[in-house]
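Residue numbers (my numbering), protein chains in the order written: chain E, 22 to 686; chain U, 32 to 325.
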């Protein structure tokens, strides 16, 4: 019996959810997963799924998988948000709402973790995978196998977070798990361990992606594409991936130290034994603040592409934009302390970081003015991506002002940890990051799938998100000024906060309808795809290389390696053709294409079970998985059979077929 | 329905909504914007100044956004179209320089106010300051008056126009000590002592709370900070002195057990040096820093 117990670590029969709310959520999520499996089996699609998607190293397919995962997680994180709003709208005075304080705390911790790591990062890596190789005229990323491995590590982290719903519990210590609350003494369950290992595994994936895309941008640009001829999205991704390379190791180390504290009793961050919790708070934000810019920079890049394309004009102030991205990239490492002005650092320290925080607003402001100037004397076509852009400028400006106010340390003393702060960062992350990626999905969708997304439903989604956002977060700004703190599961009726919380709840419901519209847009667009086919490969009159090839883009991207002479490479080509340039007959060449990589999914699954073993202290399982993981890497990296050659004649055949199918020569 | 009418109805609905919202908000207490002491008042003024300066950027952004969207829409044949316009030195110089100038002004304000409103900086006054030692516990606040040798839980009184020197620690996880109408917060952390200096300029009961998540009972970590006249304060101290409970080590350890939503309670005496003992509980080999040094 003892041996048995030891074999299973901390697992036992009491790990399943005890309260109805969590049980309901677990059962419904479980049913959805089972239904999905049954459906795939019934349709006999497993082989297809395995060959065409799960093991494919085509960055466009990896990108789609990232986005699918991120959209599913948006529903999970959104459901969490609705529960939080329901609790705060009802838990007043004698009523204690719909859940216990502990459940409430687990939900807001899960909401933050999921939205940042698995929605924000997922949409971001998804779009980078879809677009970046195409924009620089490359056929793939620098390390295709590594790219798929990153995705599977991301997926493993995502599965771990969701396992915590049904097996054990999740962290109740907030999305950044400050010690001592996250230490074993105050959080004895497995919740914080779930948090540590899901982020640890997903974080390693992010770091590998950072390395991969840096190498891709540096080494794989088309002939003639000097750095200052790169599309703005590529510049923004370069800033983002450089930040990832420098920031994510900090997260890895911080999580590892917290794990050691909790598991083998070290005292890095404990309250006693010489530990120092303030060190954790510095470390986590030394990663955490750059993380915010990691998320927002590619969104800036999307907007730069969107506003230029839909204004049919060159991007205004390209050089300024590049410098602004550079400034933001560097400065984002010098502002982390503004997350804890209230920790008692001296006036000099607070003053310095306050000023640095304000300074970062300058390049951001410059970018906004340059986007506006791009609209000046343009011919603006108001398609869905443009709506997301306008909404972004409207919200992001307000959020930025709130940010500048809080950058003054003594003002922050009164706003820190209040709902004003919560409203501020939601304005930046919803209005900036999410709006940016939704714009990007609408913009690049035809390039990947060959047909456009439904316009009307896209606008419905936008308006629900925009109006819902105002209703959900303006009350939080107001509540913050009334002195309402974040993360409270209950409050006194005498404070008069309830009406505002109810309005915020209504706003959240409207956002949920917006999410439903996003899915409806997808479904309707697929059903009506014949009406929205993109036959030209250039549905928006685009400016950059990705629009020069057919839609959907063939798996090798470019049949003929492009040569770039202009920042707006494809626009310049189109202008030249208008002026009478002949389209040369393409000279096809052999293309080296990477083979599918089943090793990536195996590594991901080993990492998943390894993490599960670490969480539940099933050491033998973790050891076996770790060895299996290493062996898989060794076998794969020593294999020579990872690529094949697509002959020029074969390329010509595919290209001719594509052209015939689309009905253009 | 005609499109114009639809917009009219929508506008009316928004106006009605805003009217009700304004009526409701008019009666609410915006604690951060309704200061009752010098620190909170200066902090509020900083918020206003920063907001006002930001408007110099915000107003042009919104104006340009709306004007350009309308004027340069595809359907407007009258507007100029310059597809190759890709920059303008003067325009770009303006939007590098103007925000830089605004941030320059704000930077000076931030630097100076960080020093004048440093929570560690005592408030100058001709009145003798009162020291209150604060211990954040699971899940309540303990207030110890070393000069008066009394203690209380989730409630304390003090005379108005008298500087208050708070020394703050935690006997549990991290919390944040915040009385919105008197001034900004500071973290309460085990094994170390942070400081906060506040003052009230009028009498009244002010809401205090923990602003940093600390576990199950976090939402109930509220207390009342009551500002009174000097004589009322003295009679309050006198009445506490006559309560039966005494805060010995034993009594402290009983209090230290986790509990939620504690009503106010009072102790006629407090064990000598209790506050330092609480800090010392956490000081391990090598010791703790009492103030973060960078």
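Here a beta-carbon is modelled for each residue, glycine too, at the ideal position from N, C-alpha and C. As the structure is a prediction and not an experimental result, all values here were calculated from the model.
- In the DSSP assignment, residue 269(E) falls within the unbroken alpha helix (DSSP H) covering 253 to 285.
- Rounded to whole angstroms, the gap between the alpha carbons of residue 59(U) and residue 50(U) is 15 Å.
- Annotated as distal: residue 192(E) and residue 233(E), with beta-carbon spacing of 8 Å or more.
- Within the segment 121 to 201 of chain E, complete beta strand (DSSP E) segments of at least 3 residues are not found at all.
- Annotation for residue 198(U): the continuous beta strand (DSSP E) segment containing it runs 195 to 201.
- Residue contact check for residue 621(E) against chain U: no CB pair falls below 8 Å.
- For residue 115(E), the closest alpha carbon among the candidates 251(U), 306(U), 161(U) and 305(U) is that of 251(U).
- Residue pairing by DSSP leaves residue 143(U) without any beta bridge partner.
- Of all residues in the segment 594 to 618 of chain E, none comes within less than 8 Å of chain U when Cβ atoms are compared.
- Identification of residues in the segment 424 to 439 of chain E having a C-beta nearer than 8 Å to some C-beta of chain U yields 425, 426, 428, 429, 430, 431, 432, 433, 434, 435, 436, 437, 438 and 439, given in sequence order.
- Closest option to residue 377(E), judged by alpha-carbon separation, among 408(E), 403(E) and 429(E): 429(E).
- Of the candidates 279(E), 351(E) and 385(E), the residue whose Cα lies closest to the Cα of residue 325(E) is 385(E).
- Counting along the chain, the unbroken beta strand (DSSP E) around residue 257(U) starts and ends at 254 to 259.
- At a cut-off of 8 Å between C-beta atoms, residue 213(U) does not count as an interface residue with respect to chain E.
- Secondary-structure assignment with DSSP links residue 664(E) through a beta bridge to 615(E).
- In terms of Cβ geometry, residue 148(U) and residue 216(U) do not form a close pair [threshold 8 Å].
- Residue 171(U) carries a strand assignment under DSSP once its states are collapsed to helix, strand and coil.
- Taking residue 189(E) as the centre and dropping the five residues before and after it, the same chain places the C-beta of 36 and 211 closer than 6 Å to its C-beta, in chain order.
- Listed along chain E are 363, 434, 435, 437 and 438, each with a C-beta nearer than 8 Å to that of residue 216(U).
- Between residue 457(E) and residue 413(E), the C-beta spacing is below 8 Å.
- Residue state for residue 113(E) is assigned as strand, using DSSP reduced to three classes.
- The Cβ of residue 371(E) sits closer than 8 Å to at least one Cβ of chain U.
- Using a Cβ-Cβ cut-off of 9 Å, residue 199(E) is close to 204, 205, 243 and 244 of chain U, given in chain order.
- Under the 8 Å criterion on CB atoms, residue 375(E) is classed as interfacial with respect to chain U.
- Residue 396(E) holds the alpha-carbon nearest to the alpha-carbon of residue 111(U) among 504(E), 362(E), 418(E) and 396(E).
- Here residue 197(E) is buried: its Cβ has 16 or more other Cβ atoms, across all protein chains shown, within 10 Å.
- By the 16-neighbour rule on beta-carbons within 10 angstroms, residue 473(E) is buried.
- Closest in C-alpha terms to residue 209(E), from the list 663(E), 31(E) and 333(E), comes 31(E).
- When 7 Å is used as the limit between beta carbons, residue 111(U) is near these residues of chain E: 398, in chain order.
- A direct Cα-Cα distance of roughly 19 Å separates residue 223(E) from residue 649(E).
- Straight across, the Cα-Cα distance linking residue 581(E) with residue 117(U) is about 30 Å.
- At least one C-beta of chain E is nearer than 8 Å to the C-beta of residue 115(U).
- Residues of the segment 226 to 238 of chain E that bring their beta carbon within less than 7 Å of a beta carbon in chain U are absent altogether.
- Residue 549(E) sits in coil when the DSSP states are folded into three classes, being neither helix nor strand.
- Among the residues of chain U, those whose CB is under 9 Å from the CB of residue 411(E) are 96 and 100, following chain order.
- Taking C-beta atoms as the reference points, residue 171(U) and residue 293(U) count as a pair closer than 8 Å.
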